[in-house]
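Read through the structure below, which is laid out as structure tokens, and then see the notes.
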DNA sequence: AACGATCTTGACACCGTTGTCTGGAATATG
DNA sequence: CATATTCCAGACAACGGTGTCAAGATCGTT
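Okay, here's the thing in structure tokens:
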């Protein structure tokens, strides 16, 4: 392969000058610059990114670490939206995106550490899961670059992009109440999962109930792990214990799909008012009639990408960002009360 | 950061010996090896992958290039399955996966070349699209490592993982005929899109019709670009021109979703027998009643990953691989004839 | 004309590994 | 016991760029 030296020789300049043309071009005379550019063109020269990385101690790569099997990573549409947001931002500013899902779940976070420590990436974005709260202590101790996505752990003051779901669930519940619903289920996100003292989704729900003068019945709330299967199972539990249920709010779109499937299987079509959880493009296409809490997944990923890049470039931690949820009404949904 | 030299000093050996311990450990005495390993542990040493890459001229990275905007890449579930297959294989053999979708579509393939030429990746997997047939000429001319995914271009003898969809569409059509269907639509993949002289999906369909003694009516076949939107539009066109249609075979799952939505919007629920195109996990969950052509997406991605890694390791081209489709009957689907 | 400031360029070392080559010690062979 | 072979370890250079420093050329200023 042709190197900087070949270009330098052809252009009759020093290697350093070629390097300058490739980088800080204002420090080189225009006439020289053109000579170098011609040589580059003639030789079809492409700078070796690895050599530059070694000298600069910069990989120009971001790791997107998902501590689940790849069957989750690449199948959860919500996660893909976040990944997409990250991809778009970091690639716009010259970083490559390395996606890593562990083959063995327990190795996931060690893999994140390894990637960072051996300089494969300049920093990582960590998807929430059990154990992340522990691993970020290591990142902090070793002064490594990271951002947590979707959540702020208790020991974090910085480096997170979280979402406050209070407004979305509050508005959704309000809306259902305004339609006359009295028994409203909530398929919540897993509280224990996050290891943080916060349950925004539930709080918005409770507040709205209170304002509507409706009793809060804890057994109307079930936790699920965001998956289709959990949506399916938990809804069945819910409707079994509360046959008078007329509406349900889902914490995620896959859970929404599971709920809809359960409703169909139980012959309850058009009997339950379902509110979706993420407002993903796919869901809007599949079920255009569903009102939905909006989860700013794409923006979350984008912000996380922006944050990690800034942290890397500025060499310091950054205060966390909190995004908000909203609620979108799609009136095509039949309103049925039993 | 600690380097090889620090470890060498602490262990009382030469840097090269540490390097040997990290790589070809059989050339070093067991007692020495332990001393080095202890030093590595004590210093929490992590080898600098970039330095090794520079010396070895190996990035240990694979590029997965999708010449569409990220809105396609990360939203098409079929593509994600392929990506997942690639991820699982390459990460199992020690490669990182770099996912790259261009921000501006026209730059996509140049980006693939750039990534490869500047040694960011050792090779790329190219998703089919306009222009790929041109770009692989450059890869071939420069002796760069690549694999095409899902298709074999005319000038290719090697380095592809294609899928022969003849069996799937043949069996699907046969099955529909056996149920008594006479007017069977086909929402085909885009023929022109691929720039190759082959339309396996159509051929299987035509063969089955012929065997069933049913006339092949070209206007029952519409091409779509795999998307939800195309499924929706093309089905509407189809049913408008052929109101006697009773069944339709879709080339992809997103097109299947579009078709199902169109059917619902037209009030034709349970009047059209739909055969899905990919047999994706998500589709099985959403619409468990659908029979489906199986598209070995995951396996395709996996094979492509295996192929590019082998090509890189052995330094030579590899004969292409052809995967087959099948057909899965799910009998829950109502059979309605009009 | 002398001087300093600015612009432009190059020499050189270095980033942190690994490949090549060499050599001594240990072991096997005749 | 001499020699060949194998095993183990180190010296050195190299991968292909970039940072630092220094220096010559050019220009403006007094």
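Protein chains in written order, with the working numbering: chain C, 157 to 494; chain B, 157 to 494.
Cβ atoms here follow ideal geometry from the backbone N, Cα and C, with glycine treated the same way.
Presumed contact (8 Å Cβ cut-off) between residue i and residue j, rounded CB distance
{"i": "residue 256 (chain B)", "j": "residue 247 (chain C)", "result": "7 Å"}
{"i": "residue 204 (chain B)", "j": "residue 274 (chain C)", "result": "6 Å"}
{"i": "residue 424 (chain C)", "j": "residue 378 (chain C)", "result": "At roughly 17 Å, the Cβ-Cβ gap does not stay under 8 Å, so residue 424 (chain C) and residue 378 (chain C) are not in contact."}
{"i": "residue 196 (chain B)", "j": "residue 169 (chain B)", "result": "Going by Cβ atoms, the distance from residue 196 (chain B) to residue 169 (chain B) rounds to 12 Å, so no, they are not a contact pair."}
{"i": "residue 305 (chain B)", "j": "residue 282 (chain B)", "result": "6 Å"}
C-beta neighbour in chain C for residue i, strict 8 Å
{"i": "residue 437 (chain B)", "result": "yes"}
{"i": "residue 494 (chain B)", "result": "Note on residue 494 (chain B): pLDDT 40, under 50, position unreliable in the model; no value is reported."}
{"i": "residue 292 (chain B)", "result": "no"}
{"i": "residue 192 (chain B)", "result": "no"}
{"i": "residue 455 (chain B)", "result": "no"}
{"i": "residue 123 (chain B)", "result": "With chain B running from 157 to 494 in the structure shown, residue 123 (chain B) is simply not present."}
{"i": "residue 247 (chain B)", "result": "yes"}
{"i": "residue 270 (chain B)", "result": "yes"}
{"i": "residue 382 (chain B)", "result": "no"}
Interface partners of residue i on chain C, CB under 7 Å
{"i": "residue 297 (chain B)", "result": "By Cβ distance, chain C contributes nothing, its closest Cβ being about 11 Å from residue 297 (chain B), past 7 Å."}
{"i": "residue 391 (chain B)", "result": "Result: empty, since nearest Cβ-Cβ is about 14 Å, beyond 7 Å."}
Short CB-CB distance (under 8 Å) between residue i and chain B
{"i": "residue 209 (chain C)", "result": "yes"}
{"i": "residue 196 (chain C)", "result": "no"}
{"i": "residue 462 (chain C)", "result": "no"}
{"i": "residue 222 (chain C)", "result": "no"}
{"i": "residue 202 (chain C)", "result": "yes"}
{"i": "residue 215 (chain C)", "result": "yes"}
{"i": "residue 490 (chain C)", "result": "At residue 490 (chain C) the pLDDT is 48, less than 50, meaning the model places this residue with poor confidence and gives no usable figure here."}
{"i": "residue 458 (chain C)", "result": "no"}
{"i": "residue 164 (chain C)", "result": "no"}
{"i": "residue 467 (chain C)", "result": "no"}
Distance between residue j and residue i (C-alpha atoms, nearest Å)
{"i": "residue 384 (chain C)", "j": "residue 412 (chain C)", "result": "7 Å"}
{"i": "residue 331 (chain B)", "j": "residue 431 (chain C)", "result": "38 Å"}
{"i": "residue 476 (chain B)", "j": "residue 314 (chain B)", "result": "5 Å"}
{"i": "residue 363 (chain C)", "j": "residue 326 (chain C)", "result": "7 Å"}
{"i": "residue 398 (chain B)", "j": "residue 376 (chain B)", "result": "8 Å"}
{"i": "residue 269 (chain C)", "j": "residue 294 (chain C)", "result": "8 Å"}
{"i": "residue 462 (chain C)", "j": "residue 258 (chain C)", "result": "24 Å"}
{"i": "residue 355 (chain B)", "j": "residue 307 (chain B)", "result": "11 Å"}
{"i": "residue 443 (chain B)", "j": "residue 426 (chain B)", "result": "13 Å"}
{"i": "residue 459 (chain C)", "j": "residue 334 (chain C)", "result": "35 Å"}
{"i": "residue 222 (chain C)", "j": "residue 448 (chain C)", "result": "26 Å"}
{"i": "residue 409 (chain C)", "j": "residue 249 (chain B)", "result": "34 Å"}
{"i": "residue 428 (chain B)", "j": "residue 422 (chain C)", "result": "23 Å"}
{"i": "residue 472 (chain C)", "j": "residue 328 (chain C)", "result": "39 Å"}
{"i": "residue 206 (chain B)", "j": "residue 212 (chain B)", "result": "10 Å"}
{"i": "residue 199 (chain C)", "j": "residue 178 (chain B)", "result": "37 Å"}
{"i": "residue 490 (chain C)", "j": "residue 386 (chain C)", "result": "Only weak support is given to the placement of residue 490 (chain C): the predicted model assigns it a pLDDT of 48, under 50, and the value that follows is read from those uncertain coordinates. Their backbone Cα atoms lie some 25 Å apart in a straight line."}
{"i": "residue 284 (chain B)", "j": "residue 317 (chain B)", "result": "11 Å"}
{"i": "residue 260 (chain C)", "j": "residue 159 (chain B)", "result": "29 Å"}
{"i": "residue 266 (chain B)", "j": "residue 236 (chain B)", "result": "22 Å"}
{"i": "residue 172 (chain B)", "j": "residue 263 (chain C)", "result": "29 Å"}
Within chain B, partners of residue i - CB distance below 8 Å
{"i": "residue 205 (chain C)", "result": "274, 275 and 276"}
Chain B contact residues for residue i, given Cβ-Cβ distances below 7 Å
{"i": "residue 413 (chain C)", "result": "441 and 442"}
{"i": "residue 255 (chain C)", "result": "243, 253 and 255"}
Within chain C, the residues that residue i reaches when beta carbons sit closer than 8 Å
{"i": "residue 417 (chain B)", "result": "441, 442 and 444"}
Within chain B, partners of residue i - CB distance below 9 Å
{"i": "residue 259 (chain C)", "result": "244, 247 and 248"}
{"i": "residue 231 (chain C)", "result": "233, 236, 237, 240, 436, 437 and 438"}
Any non-hydrogen atom of the ligand FAD closer than 7 Å to residue i Cβ
{"i": "residue 200 (chain C)", "result": "With respect to the ligand FAD, the structure offers nothing, as it holds no ligand at all."}
Please determine if the stretch 454-461 of chain B and the stretch 402-409 of chain B are in contact, where contact requires at least 3 C-beta pairs separated by less than 8 Å.
-> As far as the Cβ criterion goes, the stretch 454-461 of chain B does not touch the stretch 402-409 of chain B, which means the pair count is below three.
Please determine if the stretch 369-389 of chain B and the stretch 334-344 of chain B are in contact, where contact requires at least 3 C-beta pairs separated by less than 8 Å.
-> Touching, yes.
Counting pairs of Cβ atoms below 8 Å between the stretch 277-285 of chain C and the stretch 210-220 of chain C, do you hit three or more?
-> Between the stretch 277-285 of chain C and the stretch 210-220 of chain C, the count of C-beta pairs closer than 8 Å reaches three or more; the two stretches touch.
Take every Cβ of the stretch 293-306 of chain C, pair it with every Cβ of the stretch 457-472 of chain C, and state whether three or more of those distances are shorter than 8 Å.
-> Touching, per the Cβ criterion.
Would you check if the stretch 307-323 of chain B and the stretch 475-488 of chain B touch, i.e. whether three or more CB-CB distances between them fall below 8 Å?
-> Three or more Cβ pairs drawn from the stretch 475-488 of chain B and the stretch 307-323 of chain B lie within less than 8 Å of each other, which places the two stretches in contact.
The stretch 385-397 of chain C contacting the stretch 418-438 of chain C, beta-carbon criterion three pairs below 8 Å = Yes, they touch.
Could you say if the stretch 431-445 of chain B and the stretch 280-291 of chain B meet the contact criterion of at least three C-beta pairs nearer than 8 Å?
-> No, the stretch 431-445 of chain B is not in contact with the stretch 280-291 of chain B.
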